Structures are given as C-alpha cells and as structure tokens.
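Trainee: So that we are looking at the same thing, I have put the structure below in structure tokens.
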C-alpha cells in the first residue's frame, strides 16, 4: 500500500502537542535509523508560516509586503504546493482557519485534509507562557483575545509570518467547524495515555500506511526524555531564544499546581463552552 499524495495540515493552537507529533512523524520516516534529529524536521513537511519558505516560493521580500497581501499569496503558495505533491506532506500550522482578505479559505485547498491537536487550555497557558518567556497573565490574555495574532510586528521581522490565533476557543472552532476539507482531532491528554492508538487513528485518517511495530518504535524515539536529551546537547531551533527550553515538562494537569484561582477563572469563563464540548471539566465541576 502506498501513501496518498497531498498535504495534511497538522494544526493546533501553540503548545498543544504539534511538535511532538511532528517528531513522531520524523521518527516514523527514519525507521531503524532513529531517533530522528529534532533539528532536522522541515524536510519532512515544513511550517506553514515559515517566512523563508514563503519567500523561496514567491521570490518576494516579505518585508516589503503587507500582512494582508501576504495572506492572499499564502493561499496561492499552498495551492501550488498541493498540486505539486506526489508524496504525502504534513505541514505544521498554528494559524486559525480563516479567510484571506480576498475571501478564500487560506488552508481550504482541495485535496488537503487536517489533523487538529487540542490540549486543555489551562495547561496550554502554563506552557505558552514559558514559550513566550512571559508571565502566565500575558499568555492568558492572548488566549482570551478573539483578535489575537502572533508574529505581527513589522520591526525586526520574525522567522514566521503573522498568524491569526482568534483566541483559544476561536482557534479550535475555526478548524473543527469548517466544512471545506476533512478534519479529525486528537486530544493531547488522550495521546499521552495511549499514543499508539491515537497516533494510529491520525495516520489512518490521513491514509498513511504504518505497521504497529513501526508506530511503537517511532513513539519510543519521540519520548519526552529523548527530546530533552537532544535539546540539552544540541539546542532546538524552534525554541524562543528568550525561553530556557522548548521541551520543558509536557505533563497533563500541571495547571493545578501553578495557576492561581483567578487565572483558572479567567480561562474557564472565556472558554467554558468549548472546554465542555471537548471533554475538559471546569474546575468547579471537577470532582476528581
């Protein structure tokens, strides 16, 4: 059985397990030659918001183009990439699923599909604050901002293009409720308990062939201790230079030890409907 060609969007709000899954895919490709190098992932898919990849595709200097014009062009870049795909290509996405200024769904390219990764927003807030090298309150404010964006400043251009986040709930809804392309979702918490089953489900949805032995080996090579070892020895190119580490903890439920009651309340008040929809009990309803 050969894998189908085409793009699979590996989408998530930041710090929801996207990089872990990409490293799993890299180890699946590496096979017996793993563990894969965590700093050598782009050749196996890439990042949708990569400024370098955008400029290489368009031959344009993005520093002289408005955010809106870039978003219109991104749709064309992805459509061309999909048309050229002879093998399956998984591409990391942190953008919400939005329309371009000209009214086209940026990622709604015929023939593509999406695997959406979701994580308890209370744990996201803790991890996101470390990634941003900011306070938890700053992270929560961005997660609660329906108009929130990432990498937007024009001064000192970031390696990534502007990404509309739309707040945590808005981001989740934008991908799960769109009807342009097929989508499935995985909860980070379920993947931590049974990664073989959850990752197998994602591969099956995408039509990616892999044996159970190959999946188990790739998961072992993507173990958190291995990722920390590599980062400690060689660093990780996707780490924010201001943060101490990228692969920090990954624990489920760490928010209970870190967030204040006021911080928990701000997250739950903003995202209660989506949390309930995805099976995340609110703290006042959680009897565990």
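In the numbering used here, the protein residues as written are 11 to 298.
Just so you know, even glycine gets a beta-carbon here, dropped at the ideal spot from N, CA and C.
Every value quoted in this text rests on a predicted model; they were computed, and no experiment measured them.
For residue 189, which option in 267, 122, 235, 29 has the closest C-alpha, if you only look at C-alpha atoms?
Mentor: 122
Trainee: Output needed for residue 86: all residues of its chain with C-beta closer than 7 Å, excluding positions within five of it in sequence on either side, in chain order.
Mentor: none
Trainee: Assuming residue 107 and residue 184 form a contact by the criterion Cβ under 8 Å, report the distance between their Cβ atoms to the nearest whole angstrom.
Mentor: 4 Å
Trainee: Hey, how far is the Cα of residue 138 from the Cα of residue 24?
Mentor: 7 Å
Trainee: Specify the secondary structure class of residue 262 as computed by DSSP and reduced to three states.
Mentor: coil
Trainee: Check residue 152 in the structure and name its three-state DSSP category.
Mentor: Assigned with DSSP and collapsed to three states, residue 152 falls in helix.
Trainee: Quick one: residues in its chain with C-beta nearer than 7 Å to the C-beta of residue 232, no 5 flanking neighbours on either side, listed in chain order?
Mentor: 30, 33, 34, 37
Trainee: Could you check whether the stretch 140 to 150 touches the stretch 208 to 220, counting it as contact only if at least three pairs of C-beta atoms, one from each stretch, sit closer than 8 Å?
Mentor: no
Trainee: Jot down the residue ranges of each uninterrupted beta strand (DSSP E) in the stretch 52 to 101, minimum 3 residues, whole runs only, in chain order.
Mentor: Here no run is fully enclosed.
Trainee: For a minimum of 4 consecutive residues, which ranges assigned as the alpha helix (DSSP H) are wholly contained in the stretch 212 to 239?
Mentor: Listed in chain order, the complete alpha helix (DSSP H) runs (minimum 4 residues) inside the stretch 212 to 239 are 222 to 231.
Trainee: Rounded C-beta distance between residue 234 and residue 49? I'm assuming under 8 Å.
Mentor: Not a contact, Cβ separation roughly 17 Å.
Trainee: Check whether the stretch 189 to 207 and the stretch 167 to 180 are in contact - that is, three or more C-beta pairs closer than 8 Å.
Mentor: no
Trainee: So, under 8 Å CB-CB, residue 226 and residue 133 are touching, yes? Tell me the CB distance rounded to an integer number of Å.
Mentor: 26 Å between Cβ atoms; not a contact.
Trainee: Nearest CA to the CA of residue 141: which residue from 99, 128, 27?
Mentor: 27
Trainee: Round the Cβ separation of residue 269 and residue 128 to the nearest angstrom and send it over; I've been treating them as touching at under 8 Å.
Mentor: Incorrect: roughly 19 Å between the Cβ atoms, too far for contact.
Trainee: Alpha carbon to alpha carbon, how far is residue 210 from residue 94?
Mentor: If you draw a straight line from the Cα of residue 210 to the Cα of residue 94, it is about 26 Å long.
Trainee: If I measure Cβ to Cβ from residue 40 and keep anything under 6 Å in the same chain, skipping five residues before and after, which residues do I get?
Mentor: So the list reads 46, once near-sequence residues are dropped.
Trainee: Taking the straight line between their C-alpha atoms, what separation do you get for residue 241 and residue 206?
Mentor: 24 Å
Trainee: Please tell me whether residue 145 has its Cβ less than 8 Å away from any Cβ of chain D.
Mentor: In summary, chain D is missing from the structure at hand, where a single protein chain is found.
Trainee: DSSP state of residue 124, grouped into three classes?
Mentor: Strand.
Trainee: Rounded to the nearest angstrom, how far is the Cβ of residue 212 from that of residue 196, given a contact under 8 Å?
Mentor: 6 Å
Trainee: Rounded to whole angstroms, what's the CA-CA distance from residue 180 to residue 156? Just pull it up for me.
Mentor: 7 Å
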